[in-house]
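Colleague: After the structure tokens below, expect a handful of questions from me.
Chains as they are written, first to last, in our numbering: chain A, 3 to 363; chain B, 1397 to 2010.
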């Protein structure tokens, strides 16, 4: 590109591929831990997700006559594929990953106009579509303690992923959220369910309950999120909003009726809460652009997720909540605008004193 | 001196690498006299100065070369002594790459001075004496805006100010011209401040300086000991954050006030002056030296001897680059000003102007060329960085999509083009370029609309005139025909009654019917009764009056619009506004007259048309 005539000539070194790279870096510890928890099939699934995401991205970039190498290497398809891998049951078959990345990359992103144009978070929208289309495959969870007792070797892992072997029966388990929802609907009391599941905070933090790769390790996801926050890749508003939106109603209802409503820690450290807080609602494309908007967006996601978890028919509501709030993003952008310098919040010039009533500093 | 650390932030801002150490290590040096200077006649914001010398004239340093009789502008003075060898258009150091009329002087090597009066003991002088000294000193804002200081001063004296802000923030990376000036001439700066204090009588004096210039602050603190300003001047130390030196941001930092949109700092009783301007102002009064030199920072990793030089205006840039030992192998970009708001030059064949605070010669590694523009991912970093709290990405969508009206509604005009948004943009979108384009399109659109209004007005006036002429012709023709008919009738009558010798009354009747008709057709002066009286021509008459009324209504609207535009134009003078108001009133009177005429004609018409029914 030629030299610009007018400034700015300088640029910060924070460019998009670097941002995406840092996101991948932040996901790495949780992902590696997930591999350790769930063995080779989880790794296979992750790799298939990445490769198929890149493949679909390249194909559709070509299809829409865009510059393939330039856009393929911006890292966004890698992030989408990786996030989707963390949202699937760890031992899901290969075709679920390929269909999932097709939905995420091609249907949700490229058809809407490519990077920056999609309305819905690709990973979340793909997860929801898969859940509705393939309810059985999307709810076959693996108990980590069973994997640790008897690890399938690499060949067996390939067999599981590509469907020549079925190891599922020996390892299957239910997620905490599943168990709570099912048992409560049968009339069991919450403390009994949790006791039966050997629920304790340390176990959830360390991912000792069944779930997707990204659901299992709240602690490492939190660390990754804090790294991104520290690096300035994400801002605090959306994550804090989600944690508050989910945590505050959980806390209040738990205080009111502890035997019916799970508490704060249960909601924050199980399911996709941590993954969503740090890696999903912080997606710039599908969230509001202003700071206040992002906070409201996060709060909405948290609250909706809690509502679905508590009264909905699905055990986990994060993906639904994110999609609903994604569609509210243009409204949030419209109503949460900052007050412009020298103008009132309605946009009229300030009075001649130059003082603003709301901002007396 | 009172010192205060300001922790109150303005919204957004960025902290790019400062690179100030490159040029702030060496002391302030004086550049050798140039052999030849090229003085552009547009070194300031405003009108082109008018030359008062001719080719071949011998001039002395400081002699007035060109002045501004009216409007916004600043005088230009000879920066060396010698002979005027040309007055012609020369390329000017400006992003447009256009030429500007310039005066070229070849040095005689003497540097003999034009005898300006000096006022070393200005404390005893009257305000009038001081102002006279400043009026033709050619001072402009040396921070880069180059607005004529004299006009700013006049406004401040008329309006009265409460706060004088001395802008020593120098927030752009690389530039250290103000820093070195403060370090080497703190007494001159204080004298300049004292001078302005004397002329403007502000309640408080605030000096805003970023915390990356401790040496300059130290120099001022030492110089002020025992000075009259010691208890008056408050130095406010700001955290280093671009663009804290932007006028609006500095006012917000120092006073907590925001300049209302469309207003000037002076409306808040605030005047901002850059330190360089204050020193030049002091030199103009005390030494009788008009603005003929300034401090220029020569820096960048492609010069081996960076630093600050006191440079005569009009000095060739190539000579300065030699001084700084530029490395042509390494050099990639030559930038006037800083890396954030400066502009690029395509060669070194330009000359120093009043606003040129820095010449930045960079290597390819130092300021890499921008990568390809990626799609916007709506990350909102630009909004977090915008010191005006605009929505840069919204503005970008509108500007890129050609929806300039919408960009205007999102207050594009409030953008100060600081470039913070583009600096942080992870997609490397050249946002400022988009905004400048959109602003340009909006200006063009307004100009086109004005032109279209004028054309409409002209068209309607022409149509009215043609119709009027047509009618006049028609009336004349009819009158002639009638007269001819009557003549013929009279002749016939005469021939029939050949023995009757009295044809005179018939001709008399013909002339009397013919004469009043053209007068009645003249809408501008015709009394309505005459129009009504002219019988068969009523319809045309009414139509014509209606056209006249419509034209008058358009004229009123047009005049009102121009007036409204003047009210929002910052540099409209009160005289212009008053003149336009008078025009509006005149147009309104014209409209009232036209309406009255039409009404009368309509009533008369109604009266005549009802007559037969009765």
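Note that the Cβ used here is the ideal one computed from N, Cα and C, for glycine as well.
Is residue 343 (chain A) close to chain B, meaning its C-beta is less than 7 angstroms from at least one C-beta of that chain?
Modeller: Taking the first residue of the first chain as 1, we reach residue 343 (chain A) at position 341. It does; some Cβ of chain B falls within 7 angstroms.
Colleague: If you draw a straight line from the alpha carbon of residue 199 (chain A) to that of residue 161 (chain A), how long is it in whole angstroms?
Modeller: Position 197 of the first chain, counting from 1, holds the residue named residue 199 (chain A). Position 159 of the first chain, counting from 1, holds the residue named residue 161 (chain A). Spanning the two alpha carbons is a distance of roughly 30 angstroms.
Colleague: Residues of the stretch 1655-1687 of chain B in Cβ contact with chain A at a cutoff of 8 angstroms, in chain order, please.
Modeller: 1655, 1656, 1657, 1658, 1659, 1663 and 1664
Colleague: Taking only beta-carbon atoms, is residue 1796 (chain B) less than 7 angstroms away from chain A?
Modeller: Against the second chain, residue 1796 (chain B) aligns to sequence position 400. For residue 1796 (chain B), the answer is no, since every Cβ of chain A falls outside 7 angstroms of its Cβ.
Colleague: May I ask you to list the residues that DSSP assigns as paired with residue 1699 (chain B)?
Modeller: Position 303 of the second chain, counted from the first residue, corresponds to residue 1699 (chain B). Partner(s): B:1722.
Colleague: Taking the straight line between their C-alpha atoms, what separation do you get for residue 64 (chain A) and residue 114 (chain A)?
Modeller: The count along the first chain starts at 1 and reaches residue 64 (chain A) at position 62. The count along the first chain starts at 1 and reaches residue 114 (chain A) at position 112. If I take the Cα positions, the gap works out to 15 angstroms.
Colleague: Using only alpha-carbon positions, find the residue among B:1764, B:1478 and B:1463 that is nearest to residue 1471 (chain B).
Modeller: If you number the second chain from 1, residue 1471 (chain B) lands on position 75. Relative to the Cα of residue 1471 (chain B), the nearest Cα in the group B:1764, B:1478 and B:1463 belongs to B:1463.
Colleague: Using only the alpha-carbon positions, how far apart do residue 1959 (chain B) and residue 1845 (chain B) sit?
Modeller: Your numbering for residue 1959 (chain B) matches position 563 in the second chain. Your numbering for residue 1845 (chain B) matches position 449 in the second chain. Cα to Cα, residue 1959 (chain B) sits roughly 15 angstroms from residue 1845 (chain B).
Colleague: Leaving out five residues before and five after residue 1424 (chain B) in sequence, what residues of the same chain have Cβ atoms less than 6 angstroms from its Cβ?
Modeller: Locating residue 1424 (chain B) in the second chain gives position 28, counting from the first residue. The answer, listed in chain order, is 1576, 1580 and 1704.
Colleague: For residue 1426 (chain B), which residues from the same chain have a beta carbon less than 6 angstroms from its beta carbon, with the 5 sequence-adjacent residues on both sides left out?
Modeller: The residue you call residue 1426 (chain B) lines up with position 30 of the second chain. Cβ within range, chain order: 1706.
Colleague: Given a threshold of 16 other Cβ atoms within 10 Å of its Cβ, counted over all protein chains shown, does residue 1745 (chain B) qualify as buried or as exposed?
Modeller: Your numbering for residue 1745 (chain B) matches position 349 in the second chain. Looking at its Cβ environment, which holds fewer than 16 other Cβ atoms inside 10 Å, residue 1745 (chain B) is exposed.
Colleague: Are there 16 or more other CB atoms within 10 angstroms of the CB of residue 1737 (chain B), so buried, or fewer, so exposed?
Modeller: The sequence position of residue 1737 (chain B) within the second chain is 341, counting from 1. Looking at its Cβ environment, which holds 16 or more other Cβ atoms inside 10 Å, residue 1737 (chain B) is buried.
Colleague: Write down the C-beta distance between residue 1766 (chain B) and residue 73 (chain A) rounded to the nearest angstrom, noting that I regard them as a contact closer than 8 angstroms.
Modeller: Taking the first residue of the second chain as position 1, residue 1766 (chain B) is located at position 370. Taking the first residue of the first chain as position 1, residue 73 (chain A) is located at position 71. The distance from the Cβ of residue 1766 (chain B) to that of residue 73 (chain A) is about 17 angstroms, inconsistent with a contact at the 8 angstroms cut-off.
Colleague: Would you say residue 10 (chain A) faces chain B, with C-beta separation under 7 angstroms as the test?
Modeller: The residue given as residue 10 (chain A) occupies position 8 in the first chain. Taking Cβ atoms only, chain B reaches closer than 7 angstroms to residue 10 (chain A), which makes this a yes.
Colleague: Could you give the DSSP three-state label for residue 97 (chain A): helix, strand or coil?
Modeller: Residue numbering aside, residue 97 (chain A) sits at position 95 when the first chain is read from its first letter. Of the three classes helix, strand and coil, the one that applies to residue 97 (chain A) here is helix, per DSSP.
Colleague: With distance defined between alpha-carbon atoms, name the residue in B:1479, B:1890 and B:1560 nearest to residue 1598 (chain B).
Modeller: Translated into positions along the second chain, residue 1598 (chain B) becomes position 202. The shortest Cα separation from residue 1598 (chain B) among B:1479, B:1890 and B:1560 belongs to B:1560.
Colleague: With the cut-off set at 7 angstroms, would you say residue 1698 (chain B) and residue 1759 (chain B) are in Cβ contact?
Modeller: Residue numbering aside, residue 1698 (chain B) sits at position 302 when the second chain is read from its first letter. Residue numbering aside, residue 1759 (chain B) sits at position 363 when the second chain is read from its first letter. Cβ distance < 7 angstroms, so residue 1698 (chain B) and residue 1759 (chain B) count as in contact.
Colleague: Do we get a CB-CB distance below 7 angstroms when we pair residue 17 (chain A) with the residues of chain B?
Modeller: Along the first chain, read from residue 1 onward, the residue named residue 17 (chain A) stands at position 15. At least one chain B Cβ lies under 7 angstroms of residue 17 (chain A).
Colleague: Write down every uninterrupted run of the beta strand (DSSP E) in the stretch 1727-1794 of chain B whose length is 3 residues or greater and which is fully enclosed by it, in chain order.
Modeller: 1727-1732, 1739-1741 and 1754-1759
Colleague: Check the Cβ-Cβ distances between residue 118 (chain A) and every residue of chain B, and say whether any is below 7 angstroms.
Modeller: By 1-based counting over the first chain, the position of residue 118 (chain A) is 116. So, interface residue.
Colleague: In angstroms with no decimal places, state the Cα-to-Cα distance between residue 1483 (chain B) and residue 1538 (chain B).
Modeller: Locating residue 1483 (chain B) in the second chain gives position 87, counting from the first residue. Locating residue 1538 (chain B) in the second chain gives position 142, counting from the first residue. Cα-Cα distance, rounded: 25 angstroms.
Colleague: Could you tell me whether the Cβ atoms of residue 1586 (chain B) and residue 1621 (chain B) are closer together than 7 angstroms?
Modeller: For the purposes of this step, residue 1586 (chain B) is taken as residue 190 along the second chain, with counting starting at 1. For the purposes of this step, residue 1621 (chain B) is taken as residue 225 along the second chain, with counting starting at 1. Their beta carbons are not under 7 angstroms apart, which means residue 1586 (chain B) does not touch residue 1621 (chain B) by this criterion.
Colleague: Could you tell me which of A:50, A:94, A:279 and A:15 sits nearest to residue 302 (chain A), measuring between CA atoms?
Modeller: Here residue 302 (chain A) refers to the residue found at position 300 of the first chain. Comparing Cα-Cα distances from residue 302 (chain A) to each of A:50, A:94, A:279 and A:15, the minimum goes to A:279.
Colleague: With DSSP collapsed to three states, give me the class of residue 1498 (chain B).
Modeller: The residue given as residue 1498 (chain B) occupies position 102 in the second chain. Residue 1498 (chain B): strand per DSSP, three-state reduction.
Colleague: Secondary structure at residue 1548 (chain B), three-state DSSP: helix, strand or coil?
Modeller: Numbered from 1 along the second chain, position 152 holds the residue referred to as residue 1548 (chain B). The answer is helix: DSSP assigns residue 1548 (chain B) an H, G or I state.
Colleague: Where residue 221 (chain A) and residue 1603 (chain B) are concerned, what is the direct C-alpha to C-alpha distance, given to the nearest angstrom?
Modeller: Within the first chain, residue 221 (chain A) is the residue found at index 219, counting from 1. Within the second chain, residue 1603 (chain B) is the residue found at index 207, counting from 1. Answer to the nearest angstrom: the Cα atoms are 50 angstroms apart.
Colleague: Any chance the stretch 1764-1781 of chain B sits against the stretch 1815-1822 of chain B, with 3 or more Cβ pairs inside 8 angstroms?
Modeller: yes
Colleague: Let me confirm a value: residue 18 (chain A) is counted as buried when at least 16 other C-beta atoms fall within 10 Å, else exposed. Which label applies?
Modeller: By one-based count along the first chain, residue 18 (chain A) stands at place 16. By the neighbour-count rule (16 or more Cβ atoms within 10 Å), residue 18 (chain A) is buried.
Colleague: Does the distance from the C-beta atom of residue 1508 (chain B) to that of residue 1450 (chain B) stay below 7 angstroms?
Modeller: Against the second chain, residue 1508 (chain B) aligns to sequence position 112. Against the second chain, residue 1450 (chain B) aligns to sequence position 54. Not in contact: residue 1508 (chain B) and residue 1450 (chain B) (Cβ atoms no closer than 7 angstroms).
Colleague: Would residue 1563 (chain B) and residue 1641 (chain B) be called neighbours here (beta carbons separated by less than 7 angstroms)?
Modeller: Here residue 1563 (chain B) corresponds to residue number 167 of the second chain, with the count starting at 1. Here residue 1641 (chain B) corresponds to residue number 245 of the second chain, with the count starting at 1. Yes, they are a contact pair.
Colleague: Determine, for residue 1743 (chain B), whether the minimum Cβ-Cβ distance to residues of chain E falls below 7 angstroms.
Modeller: Absence of chain E from the displayed structure is noted, the protein chains being A and B.
Colleague: Name the chain A residues whose beta carbon is nearer than 9 angstroms to that of residue 1810 (chain B)?
Modeller: The residue you call residue 1810 (chain B) lines up with position 414 of the second chain. Near residue 1810 (chain B) (Cβ distances below 9 angstroms), the residues of chain A are 342, 343, 344 and 345.
Colleague: With 8 angstroms as the C-beta to C-beta threshold (strictly closer), list the residues of the stretch 132-161 of chain A near chain B in chain order.
Modeller: none
Colleague: With distance defined between alpha-carbon atoms, name the residue in B:1849, B:1815, B:2001 and B:1686 nearest to residue 1531 (chain B).
Modeller: If you number the second chain from 1, residue 1531 (chain B) lands on position 135. When each option's Cα is compared against that of residue 1531 (chain B), the closest is B:1686.
Colleague: Considering only C-alpha positions, which residue in the set B:1499, B:1479, B:1485 and B:1527 is nearest to residue 1505 (chain B)?
Modeller: Along the second chain, one-based indexing puts residue 1505 (chain B) at 109. The residue with the shortest Cα to Cα distance from residue 1505 (chain B) is B:1479.
Colleague: In chain order, what residues of the same chain have a beta carbon less than 6 angstroms from the beta carbon of residue 217 (chain A), not counting five sequence neighbours either side?
Modeller: If you number the first chain from 1, residue 217 (chain A) lands on position 215. So the qualifying residues of the chain are 273 and 274.
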